[in-house]
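Visitor: The sequence shown lines up with residues 421 to 822 when you count with our numbering. Even glycine gets a Cβ: it sits at the ideal position worked out from N, Cα and C. For reference, the structure I am asking about is given below.
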Amino acid sequence: MQFVSCFKNLCSNKGLSTAFLILICTSVFLIVMVLWLSAKIGHSIQIDRNSSRLMNPAIHKIYNNSKAISLVQYGKDGLDDLVARRKKYANRLSLNPCPETPPGLVGKLAINVQDITSSVTNDDSLRLVCYGGSYIPDDCVPRERTAIIIPYRDREDHLDILTNHLHNILQRQQLEYRIFAIEMALPTQFNRGLLANIGFLFAKETGDFSCFIIHDVDALMMNDKNLYRCGSQPRHLVTGSTKYRSGNNEYGLPYDSYMSGVIALTDSQYTKANGFSNVYFGWGGEDDDFNIRVQRANMKFERPEKDVGIYMAIPHETDSTNQKNPARFGILDVSAARQWIEGVNSFIDNPLKIKYKRYAIEYRQYYTWLLIGVNEAAITKKEVVAHAFEKGENNINSRLIL
421 MQFVSCFKNL CSNKGLSTAF LILICTSVFL IVMVLWLSAK IGHSIQIDRN SSRLMNPAIH
481 KIYNNSKAIS LVQYGKDGLD DLVARRKKYA NRLSLNPCPE TPPGLVGKLA INVQDITSSV
541 TNDDSLRLVC YGGSYIPDDC VPRERTAIII PYRDREDHLD ILTNHLHNIL QRQQLEYRIF
601 AIEMALPTQF NRGLLANIGF LFAKETGDFS CFIIHDVDAL MMNDKNLYRC GSQPRHLVTG
661 STKYRSGNNE YGLPYDSYMS GVIALTDSQY TKANGFSNVY FGWGGEDDDF NIRVQRANMK
721 FERPEKDVGI YMAIPHETDS TNQKNPARFG ILDVSAARQW IEGVNSFIDN PLKIKYKRYA
781 IEYRQYYTWL LIGVNEAAIT KKEVVAHAFE KGENNINSRL IL
């Protein structure tokens, strides 16, 4: 207030020439505006140039050294949509719970392998999706608030197909949901378990979800009665996949204890098992390790009916950045020794906390995208070798190729 008063007195001083007064007053005004804008925007907006090619101009947050820096650019249509939806959901106390069995389900789905995108896309469903990939039914209170977590890298075509398919199906299932794509930045090898853990924690930061589903990017549900809900035990939602078809059997599994593809857990179930292991860089092992963790936590996976939990695997070539992990069987041998040492607790309350960078977050039209980076060598050395020795696994070096 004193500054403003001084500014007014200066501008009203008759002893100074008019031109000089105008120059001084204009300069002071510009300085004040610059200071105000600096305080409003902040001085630390930095964009990681390596990930800038992936930035969406609609709405996103940039992360540098794990410090959140907001940069929001709403288009008028997007802003109007958000305002309208907020008003729409402001008073939901008068609504009844959604039916136990959603009335709009059709059962087994038909997908044209030659034109998968058109087969799974429903424009009416996509129009109801909020930026960031979220949806809430407007005619009833949903029985589940589901976070779909997709560990992912460089397969955007598959991601678009899957998200289009999920929006169509999950709206028929009358769920409140949000889709998250968690991507591992190059050059680090892909690590599905670590991405699942980070996605789980990020989803918890973002919303109040009652169910968390870890979902492969190439797995398309083929029966919409396979409800994306959680249960009293962890749920493996896959009873068969076209990836493992054999003979006349269109849908199969590689082995009975296979627990990969799509799994559903509550917050407490995920935490009780200590999430996934973080040390499986490359393809394979993390799903079997997680199955062991679930059993050692006195839980067991349940599956839907055989003709309900069927999935189509989107055909694709081998990912050059996700080669088979030659150490996976040795790491799996010491799963029990590592379960309470490393897992989702490695990011929460662990003296040997795993460090990772959030390079970017984008609230894209049909999903929320998080790009992260880690140091593979630091994680494998710290979490596997050192602690396995402490647990008496003295021959670990002969079994692990790190």
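Helix, strand or coil, according to DSSP, for V826 in the structure here?
Guide: As shown, the chain starts at 421 and ends at 822. That puts residue 826 outside it, with no answer to give.
Visitor: If contacts are defined as beta-carbon pairs under 8 Å, then L657 and V682 qualify, I think. What distance do you get, rounded to the angstrom?
Guide: Correct: roughly 4 Å between the Cβ atoms.
Visitor: On the DSSP bridge assignment, give the partners of K726 in chain order.
Guide: DSSP, once it has assigned bridges, lists no residue as partnering K726.
Visitor: Near S545, which residues of its chain fall below 7 Å by C-beta distance, leaving aside the five closest residues on each side in sequence?
Guide: These residues qualify, in order along the chain: H587, N588, Q591.
Visitor: Using three-state DSSP, classify L595 as helix, strand or coil.
Guide: It is coil, neither helix nor strand.
Visitor: With DSSP run on the structure shown, which of helix, strand or coil describes A780?
Guide: Three-state DSSP puts A780 in a strand.
Visitor: How is V794 classed by DSSP in three states: helix, strand or coil?
Guide: Note: V794 maps to strand in three-state DSSP.
Visitor: Suppose the cutoff is 6 Å on Cβ atoms and the five residues either side in sequence are ignored; what does the same chain contact list for Q689 look like?
Guide: Excluding sequence neighbours, Q689 sits near P654.
Visitor: Between the alpha carbons of Q609 and G667, how many angstroms are there, rounded?
Guide: Q609 and G667: Cα-Cα distance of roughly 34 Å.
Visitor: Could you check how far apart the C-beta atoms of I602 and T659 are, in whole angstroms? I think they sit under 8 Å.
Guide: Actually they are not in contact, since the Cβ atoms of I602 and T659 sit about 26 Å apart, beyond 8 Å.
Visitor: Judging by CA-CA distance, which residue of I734, D543, D708, V526 is the nearest neighbour of Y786?
Guide: Measuring from the Cα of Y786, the nearest candidate turns out to be D543.
Visitor: Which word fits L606, buried or exposed, when buried means at least 16 other C-beta atoms lie within 10 angstroms of its C-beta?
Guide: Exposed is the call here.
Visitor: With a floor of 4 residues, list each alpha helix (DSSP H) that falls wholly inside the region 546–606, ordered by position along the chain.
Guide: 576–592, all fully within the region 546–606.
Visitor: Here's the rule: buried if 16 or more other CB atoms are within 10 angstroms of the residue's CB, otherwise exposed. What is A567?
Guide: By the neighbour-count rule (16 or more Cβ atoms within 10 Å), A567 is buried.
Visitor: Hey, quick one: how far does the alpha helix (DSSP H) through A616 stretch, first residue to last?
Guide: Note, A616: alpha helix (DSSP H), 612–626.
Visitor: What's the gap between the Cα of L595 and the Cα of I751?
Guide: Near 37 Å, if we compare the C-alpha coordinates of I751 and L595.
Visitor: Just to confirm the assignment, what range does the beta strand (DSSP E) spanning I634 have?
Guide: That run of the beta strand (DSSP E) goes 631–635.
Visitor: So which of P562, V561, C560, I570 has the shortest CA-CA distance to G553?
Guide: Comparing Cα-Cα distances from G553 to each of P562, V561, C560, I570, the minimum goes to I570.
Visitor: Pull the bridge partners of Y731 from the DSSP assignment, please.
Guide: For Y731, which the question treats as bridged, DSSP gives the partners M641, S661.
Visitor: In the DSSP assignment, find the unbroken alpha helix (DSSP H) run with V540 in it and report its ends.
Guide: Residues 536–540.
Visitor: The alpha helix (DSSP H) that contains A530, what's its start and end?
Guide: From DSSP, A530 is part of no alpha helix (DSSP H); its letter is neither H nor E.
Visitor: Which two residues bound the contiguous alpha helix (DSSP H) that contains A756?
Guide: Looking at the DSSP string, the run of the alpha helix (DSSP H) that includes A756 is 755–758.
Visitor: From the DSSP secondary-structure annotation, give me the bridge partner or partners of G672.
Guide: Answer is S661, bridged to G672.
Visitor: Report yes if the CB atom of C631 is closer than 8 Å to the CB atom of E725, and no otherwise.
Guide: The answer is no: Cβ separation not under 8 Å.
Visitor: Output the distance between the C-alpha atoms of S471 and Y779, rounded to the nearest integer angstrom.
Guide: Below a pLDDT of 50, predicted positions are generally treated as unreliable, and S471, at 32, falls in that range; the measurement from the model is reported next regardless. If you take the alpha carbons of S471 and Y779, they lie about 7 Å apart.
Visitor: Starting from V682, trace the beta strand (DSSP E) in both directions and tell me its first and last residue.
Guide: That run of the beta strand (DSSP E) goes 682–685.
Visitor: Taking the CB atoms as reference points, tell me whether N711 and S677 lie closer together than 8 Å.
Guide: In contact: N711 and S677 (Cβ atoms closer than 8 Å).
Visitor: Does DSSP classify S666 as helix, strand or coil?
Guide: Residue state, collapsed to three classes: strand.
Visitor: Let me check understanding here. Comparing Cα to Cα, which of V754, T537, D727, L790 lies closest to N669?
Guide: The candidate whose alpha carbon is nearest that of N669 is D727.
Visitor: Between A623 and the rest of its own chain, which residues show a CB-CB distance below 7 Å, the 5 nearest in sequence each way excluded?
Guide: Counting only Cβ-Cβ distances below 7 Å, and skipping sequence neighbours, we find A567, I569, F600, F629, F632.
Visitor: In this structure, what does DSSP give as the bridge partners for T788?
Guide: Bridge partners of T788: F600, Y783.
Visitor: Is the distance from the Cβ of V637 to the Cβ of R598 below 8 Å?
Guide: No; because the gap between Cβ atoms is not below 8 Å, this pair is not in contact.
Visitor: With a CB to CB cut of under 8 Å and the five nearest residues on each side skipped, what residues in its chain are close to I461?
Guide: Low confidence applies here, because I461 scores a pLDDT of 37, under 50, leaving its location unreliable; read the following figure in that light. Cβ neighbours of I461 beyond the five flanking positions: none.
Visitor: To the nearest angstrom, report how far apart W703 and A797 are at their CA atoms.
Guide: Whole-angstrom Cα-Cα distance: 17 Å.
Visitor: Do K663 and A733 have their C-beta atoms within less than 8 Å of each other?
Guide: The answer is yes: Cβ separation under 8 Å.
Visitor: In whole angstroms, what is the alpha-carbon distance linking I581 and T800?
Guide: So the two alpha carbons sit approximately 34 Å from each other.
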